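A.B. asks:
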Amino acid sequence: MSNITYGRDFEVVQRLKPEPITPEEARAMENLDPTDFEIFNHKMNMIGLEGKETTQKLGASAGMRWGDVAFGIYTAQGDLAICATGIWFHAALGQIPVKYIVKHWTGDPSVGVKEGDSFFFNDPFYCGVHGADMGLAVPVFYKDKLICFTGAIVHSGENGATEPGGNPSTSRSRYDEGFLLPPLKIGEGYALKEDIMTMLTNFVRDPRTLVLDIKARLAACRIAQRRILDVVGKKGVDFFLGGLRKVMVETASAAKKKVMELPDGTFRHPVFMDTVGPESSLIKLNVEVEKKGDTLKLNFKDTSPMIPDRPMNTYFQGIIGLTMVYLCGWFFHNLPANNALLEVLEWEFPPDALVNASGDTPTANAPFPQVAVCQSMFHIGAKLTYNYDHLRAVAPWYHGFGFGVYGGFNQWGEPFADITGEMNATGAGARPDADGLDVAGSFFATMSDCSDVETTEADKPFVYLFRNFFQNHGPGKYRGGNGTGYGIVVHKVPWIGIGTLGYGSKFPASVGIFGGYAASTSSVQFLRGSNIKELQATNGEAIPSNMLELYTNKPLEGQRNMTQITTPVGPMMEGDAVFIAAGGGAGYGDVLERDPALVVEDLRLSLITQWQAKNVYRVVYDEKTLRVDEEATKELREAEKRERLTRGVPYEDFEKEWLGKRPSQDILKYYGAYPNPSKA
Amino acid sequence: MGYTVDVDIGGTFTDFCGAQRGGQITLTKTPTTHYDLSVGFLRGLKELAKSFNTPLKKFLSECDAIHYCTTLGTNALIERTGPKLGIITTAGFEDTVAIGRARSWADGISGMENKDLARIMKPIPLVPRDMIVGVHERIDSSGNVVLPIRKDDVLEKLQYLVEKGAMGYIICLISSYYNPSHEMMIKEIIEEEYPEDYLGSMPVFLSHNISPKMGEYTRFTSAVVNAYIHSVMAEELSRLIWELKDNGYARPLILVQNVGGMKKVTRTRAILTYNAGPVSGLYGSRYLGDLYGMKNIIFTDMGGTSYDIGIVSDGQIRTYDFIPVIDRWRTNIPAIEVKSIGAGGGSIAWINRLFGNRLEVGPQSAGSMPGPACYDQGGTEPTVTDADLILGYLNPDNYLGGKMKLKRDLAEKAIREKIAEPLGIDVMEAAVRIRRIIDAKMGQEVFNEVVLKGYDPREFVVFACGGAGPSHALDIAPYMEVKKVVVSPFSPVFGAFGASTIDIMQVFDRSRMIKLFQYATQAYTEDYETFNGIVKELSDLALRDLQMEGYQPEEVKFALELEMRYGMQYNFTKVESPHLELHSTQDVMDICRCFEETYAQVYTPEAAFPQGGINIENFFLKASVPSKHVELMARELSGETPGPDALKGTRTVYFVNASKSLETPIYAFEMLQPGNVIFGPAVIEAEDTTCVINPGWRFVMDQYRQCLLEQVEHKTAAL
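These protein sequences, in sequence, are chains A and B. Under this note's numbering, residues -18 to 661 are what the first sequence spells out, in order. Under this note's numbering, residues 253 to 971 are what the second sequence spells out, in order.
This is the structure in structure tokens:
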């Protein structure tokens, strides 16, 4: 009987941990010489790297351009053994579509899995994050035996949703979110099926980019296939199968050892978010990690409920994926990234919670709650690792996104639909011994960059008004890194559609640790009917050079619309502008402990404002020479400490007062029961 | 009597290759004198003169040319000894270099380091933020002026930098690669305000001159790096030139450039001298390859801390899609790629306890100080060189020609305590594993480099250079899947030798998007003028430049390379253009076909997508003047059997490909004669290197004393 249900497969998405070792693999592992294995391991990683580089070289989407790419070698059962990427959630989630292929298509005579096939997928139910992430996998056969898969996943963006770019903030159900494909055979006999390709391109606004990206993935998979077959030809199938499995067994063992060294206990960090799409509203993600022995158990009890008609929901898999982003980048940084790392994780997701979407609920903005949970992991991780290696107890990078989405026809008359690369221009979190890096990238895509202005302008109808640091970091003994502020003017086309995505306009998206402050909240400014062209012709000096000038001494004229970051795509005419901030990193430690010399050095380099120096860091200095008055500074800081004590109240009093407070009902619409959503 | 001298400065030694016209070639090395490079330079010249039995002044006065691969610029960057500079940029983009496309923290560090996200750092800026000013001006992506520049604005910003003590100005404006008029205007304003006869006159660098390419970050960093090392290099080189003049050298000093050419010091941009030594070595391998009809070469140079690799394909050294990182700065100069892998004799072996005591080698290195444990300079970590000594490849009494004695007991102690005992194996087995792992890694990395450029390594010959290259080459070769290796007597000074084989050449590049096949209309372009105009502009520049070097237009050869892409791809594929000018649709189609063929070769035919449009993005016009190169003297071939004086004795050597120790004959390289043939197992000891001949390989010394090693018996397959 066919195992096809014409619906979702809830079983396969639970299989995130490695599949059981087969007897064949177990036998093969026993026979592996350790040096042969080390050489094999390096070779597999070389193949993975070649696959990743090839994919990136050939693709066309903004994600491909900036390096939002993962390339993997999967076992014949679908586990991801080798993964070349900086987008760590793919290391956890990239396996699900392959396991789906193994489960559903290998034995199905109407589809089948044969040499020369290729499968395409982007349904976030299987891929985990959102529909903009699209993947392709090919089976690799040796003498008619399926020995592994190769696959590539890239953020291609545009998928024909109600807004361009693949992340519609206005979607009311999953049917507004463009094509969402479970693994679909799109190629046979080493050729793409043109009828399928024609269908796919007919779904989207930018068919060229879709095709180039698909071909890029396919070429990389084929090259890796060739290399793998060469290895198998030399060393035999058993060696290959045993080696691939051993990579995973050793990874799991190493991960468990590392976790074992952390203190047992329960660690919590709730996150509050301020948007559910185009609407501002308060929601809560209650993240708890129980560390026991070699296991970290995630629990999300008392998280806000699923929202049936807002795209803020996420499948639980996405949360696991973003948890892995923290673990791979900041804790398991010296381990290979593959799904064997999940052997240390357990999880419990309440039914019908925002973080456990089901049914037809929209999930296009699922990355927002996913990254918010990851922000919690920075806090929980800092507490967990402080005694283990305090230099890894770092404040969160910026987590609130803050990027533009756009679509239309460019200055060459060609269709385009994508997102701005400055999503990767955020600040890093502060550290126990150093400031966070200014404009370090994106915490979940650390191999990615924010592109050049000139490169973007070459095929997008824009003129950037500015792109500079924005002093939006979280202050602290060590401050977070600054993000970027940028302004884009529509240029040389009558109009295009532009919107923005992100959160953290009202409630900070990245809060500080150990007394450090949160990174600034930020908003977006849409400027229609602007005076920019007039100023360019007559008075260039009146044009702001950065976000601070825009909001202080050089405001622009026109119809100004200040909005929360998530704003649906709307028409912008030639000369209209949008101003967006990529956020800063959070702070570490008390601002009053910051070395005054570092404060004035930041001032000299325009990395903080005079206001911040005086009112946040409490430093007294000569505004002309920037010489610090040490005595006066000490006095001012002592006074501030005394002032703090006068503001302080006993904890019982604080708790009593705090629990008596309640946010306005207007913003609790999607929150669930306040303060604990599950108590409804 | 005419001589040529080629010099390559390295971190530890300065290498010299002296040639007498039509005759003797002499090699020498002197310790690099970091406090003043000219000291070691002149010391080496004296040694060369001595080897030609000529006093230094006479020798230098008879020198036709001195070619110099210098690291002066690199040193200035590392030591941060450059001048205080000011940047004038487009207002609104003052933080461009500091933003560094966000990921500049990953440039110039190892993969292992850039995975440790809690500890990443961006490089310290060469120009601090308070020395960067923005002028109000803007040019769009088609070169149109959107916001005109104003002189008073420029003067105000200039005055600020003058008061801050700027000793040079770098002009970096958005879109100047397309329309440089504003950059040029700022230069004119500065020169008008501070003419050359004023003490306040300072050098002005325009970003579009240094790198006229799209992508402001790499264009700006190219200009900044160039400006930063410019004055240091100018000062040091003029001092060196005066010292050479004082010692009798009357000709111009010629600098080797990383674009694969040479130019007089006076007409060289500082940034183009970066990494010239390895590039020069690559050219040396091509020159020798030509002698034997070897068209495809993998050039390798294994030293103590790095393993450099470069590629010659079809007899050509091609420029690839290569964005070189200089120190920590990603630039965009048309340099030849010689990639450095962090592996060498100093790579440290260690036990990764997280992975059940897995043995790993590198990426950490003991470097040259303290170096391997056997150097007895304080190093206690087991390294590849220590393993080589244990396995019998190295002669402890003849390392660097006996200049350094190796301590076998220290090597053994390090390997025993740090590797063998934790793994429960003996020292010999530990050394075997260290060697196998490092050789496999190097071989696999090379394999990847070659295939990523679209070539099949099996069609290549390896040139094994550097002090450690010839002793590892045959164990690395199987991982690259090559069966022929060349070891040159010049191997230890191959960069210097390579400098003697380079032509006068310059690359003139420019970004300009031309949609040859248009996506919107599905038609070939009929605009030939844009293409022809750019090539004409670049060739005029080239002719002017070379005429100022003293060459006639008819001597100059041109070749055009184009960076192309399908539609909106981010990355480019470089192709050699079959045409220097376009006159018909057929010409356009020829270039498109050339691109499609190259693309399909590298990335498989399935990846091609001509319907998406085919663009040219960057032009590279190479202008060269063939030069006279060093001539190798052919010697008479003697018999295949080495003379008895060549055989120094035997010692026990472990051969990985035989999986056992063998009593092995040891030969003295100096005593081998052209025509000699040696079958492995054997070891050949030269003054600065050791050549290991594995069982199943044959060694032949040819009439030029070059050594050709060929696999004659196939052993086990390597991954």
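From the three backbone atoms N, C-alpha and C, an ideal C-beta is built for every residue, glycine too. As the structure is a prediction and not an experimental result, all values here were calculated from the model.
Which class does Met(-18)/A belong to by DSSP, given the choice of helix, strand or coil?
C.D. replies: At Met(-18)/A, the pLDDT of 42 sits below 50, so the modelled position is not reliable and the matter cannot be decided from this model.
A.B. asks: If we count the other Cβ atoms within 10 Å of its Cβ and call it buried at 16 or more, is Lys80/A buried or exposed?
C.D. replies: Looking at its Cβ environment, which holds 16 or more other Cβ atoms inside 10 Å, Lys80/A is buried.
A.B. asks: Exposed or buried, Pro343/A, counting other C-beta atoms within 10 Å across all chains shown (16 or more means buried)?
C.D. replies: Burial call: buried.
A.B. asks: Looking at the structure shown, is Pro251/A part of a helix, part of a strand, or coil, going by DSSP?
C.D. replies: In this structure, Pro251/A counts as strand in the three-state DSSP scheme.
A.B. asks: Checking 8 Å against the spacing of the C-beta atoms, do Ala595/B and Ala639/B come in under that value?
C.D. replies: In this structure, Ala639/B does not lie closer than 8 Å to Ala595/B by Cβ.
A.B. asks: Are any of the Cβ atoms in chain A nearer than 8 Å to that of Gln821/B?
C.D. replies: With 8 Å as the cut-off, Gln821/B counts as an interface residue toward chain A.
A.B. asks: Just how far apart, CA to CA, sit Gly254/B and Asp316/B?
C.D. replies: If you take the alpha carbons of Gly254/B and Asp316/B, they lie about 6 Å apart.
A.B. asks: State whether the region 536 to 544 of chain A contacts the region 492 to 512 of chain A, with contact taken as three or more CB pairs (one from each stretch) at a distance under 8 Å.
C.D. replies: Result yes; three or more Cβ-Cβ pairs closer than 8 Å.
A.B. asks: Would you say the region 311 to 326 of chain B touches the region 528 to 536 of chain B, given that touching needs at least three Cβ pairs under 8 Å?
C.D. replies: The answer is yes - the region 528 to 536 of chain B touches the region 311 to 326 of chain B, with three or more Cβ pairs under 8 Å.
A.B. asks: Just checking: is the beta-carbon of Thr533/A within a distance shorter than 8 Å of some beta-carbon in chain B?
C.D. replies: No - not a single Cβ of chain B is within 8 Å of the one on Thr533/A.
A.B. asks: For the region 357 to 369 of chain B, enumerate the residues whose C-beta is nearer than 7 Å to any C-beta of chain A, in chain order.
C.D. replies: Per Cβ criterion, the list reads Trp357, Lys367, Asp368 and Leu369.
A.B. asks: For Gln696/B, decide whether its Cβ has a neighbour in chain A, counting only Cβ atoms nearer than 8 Å.
C.D. replies: Yes, contact with chain A.
A.B. asks: Return no unless some Cβ of chain B is closer than 8 Å to the Cβ of Asn512/A.
C.D. replies: Asn512/A does not count as touching chain B.
A.B. asks: Could you tell me whether the Cβ of Met(-18)/A comes closer than 8 Å to any Cβ of chain B?
C.D. replies: Residue confidence for Met(-18)/A is low, a pLDDT of 42 falling below 50, so the modelled location carries little weight; the figure read from the coordinates is stated next. Judged by the 8 Å Cβ criterion, Met(-18)/A is not in contact with chain B.
A.B. asks: For a contact meaning CB atoms closer than 8 Å, what does Ile372/B contact in chain E?
C.D. replies: Annotation note: the requested chain E is absent from the structure, which comprises protein chains A and B.
A.B. asks: Have a look at Val397/B and Thr341/B and give me their C-alpha separation to the nearest angstrom.
C.D. replies: Going by the C-alpha atoms only, they are around 15 Å apart.
A.B. asks: For Ser474/B, is the classification buried or exposed, using 16 other Cβ atoms within 10 angstroms of its Cβ as the cut-off for buried?
C.D. replies: The residue is buried, with at least 16 neighbouring Cβ atoms inside 10 Å.
A.B. asks: For the putative contact between Tyr469/B and Asp433/A, defined by C-beta atoms under 8 Å, what is the C-beta separation to the nearest angstrom?
C.D. replies: Yes, they are in contact, since the Cβ atoms of Tyr469/B and Asp433/A sit about 5 Å apart, within 8 Å.
A.B. asks: Output the boundary residues of the alpha helix (DSSP H) element that contains Asp17/A.
C.D. replies: Start and end: Pro15 to Leu39.
A.B. asks: Any C-beta of chain A sitting closer than 8 Å to the C-beta of His286/B?
C.D. replies: So, not an interface residue.
A.B. asks: Taking contact to mean at least 3 C-beta pairs separated by less than 8 Å, is the region 350 to 366 of chain A in contact with the region 244 to 258 of chain A?
C.D. replies: As far as the Cβ criterion goes, the region 350 to 366 of chain A touches the region 244 to 258 of chain A, which means the pair count is three or higher.
A.B. asks: Just to make sure I have the definition right: I need the residues of chain A whose C-beta is within less than 7 Å of the C-beta of Ala354/B. Which are they?
C.D. replies: Within chain A, the residues near Ala354/B are Asn405, Ala406, Val420, Ala421, Gly422, Asp430 and Cys431.
A.B. asks: If you reduce the DSSP assignment to three classes, tell me which class Phe101/A lands in.
C.D. replies: In this structure, Phe101/A counts as strand in the three-state DSSP scheme.
A.B. asks: Cβ closer than 7 Å: which chain A residues qualify as neighbours of Asp382/B?
C.D. replies: Here the neighbours are Arg585 and Leu586.
A.B. asks: Using DSSP with H/G/I as helix, E/B as strand and the rest coil, what is Arg353/B?
C.D. replies: It is coil, neither helix nor strand.
A.B. asks: Please state if the CB of Ser763/B and the CB of Pro504/B are separated by a distance shorter than 8 Å.
C.D. replies: Not a contact, by the Cβ cut-off of 8 Å.
A.B. asks: Is the CB of Met662/A under 8 Å away from at least one CB in chain B?
C.D. replies: Shown here, chain A extends from -18 to 661; a query on residue 662/A therefore has no answer.
A.B. asks: Helix, strand or coil for Val808/B, going by three-state DSSP, please let me know.
C.D. replies: Val808/B falls in the coil class under three-state DSSP.
A.B. asks: Answer yes or no: do Ile391/B and Ile426/B have a C-beta to C-beta separation smaller than 8 Å?
C.D. replies: Yes; because the gap between Cβ atoms is below 8 Å, this pair is in contact.
A.B. asks: Please report how far the alpha carbon of Leu971/B lies from the alpha carbon of Ala692/B, in whole angstroms.
C.D. replies: So the alpha carbons of these two residues sit roughly 8 Å apart.
A.B. asks: Hey, how far is the Cα of Gly485/A from the Cα of Ser91/A?
C.D. replies: C-alpha separation (whole angstroms): 48 Å.
A.B. asks: Using a Cβ-Cβ distance under 8 Å, would Ala639/B count as near chain A?
C.D. replies: Closer than 8 Å: no.
A.B. asks: Roughly how far, in whole angstroms, is the beta-carbon of Pro549/A from the beta-carbon of Ser150/A, given that I think they are within contact range, below 8 Å?
C.D. replies: The pair is a contact, with the Cβ atoms about 5 Å apart (cut-off 8 Å).
A.B. asks: If you measure beta-carbon to beta-carbon, which residues of the region 853 to 879 of chain B are closer than 7 Å to chain A?
C.D. replies: Answer in chain order: Tyr855, Thr856, Glu858, Ala859, Phe861 and Gly864.
A.B. asks: What's the C-alpha gap between Ile372/B and Val577/B?
C.D. replies: Near 17 Å, if we compare the C-alpha coordinates of Val577/B and Ile372/B.
A.B. asks: What is the DSSP secondary structure of Cys424/B, counted as helix, strand or coil?
C.D. replies: Strand.
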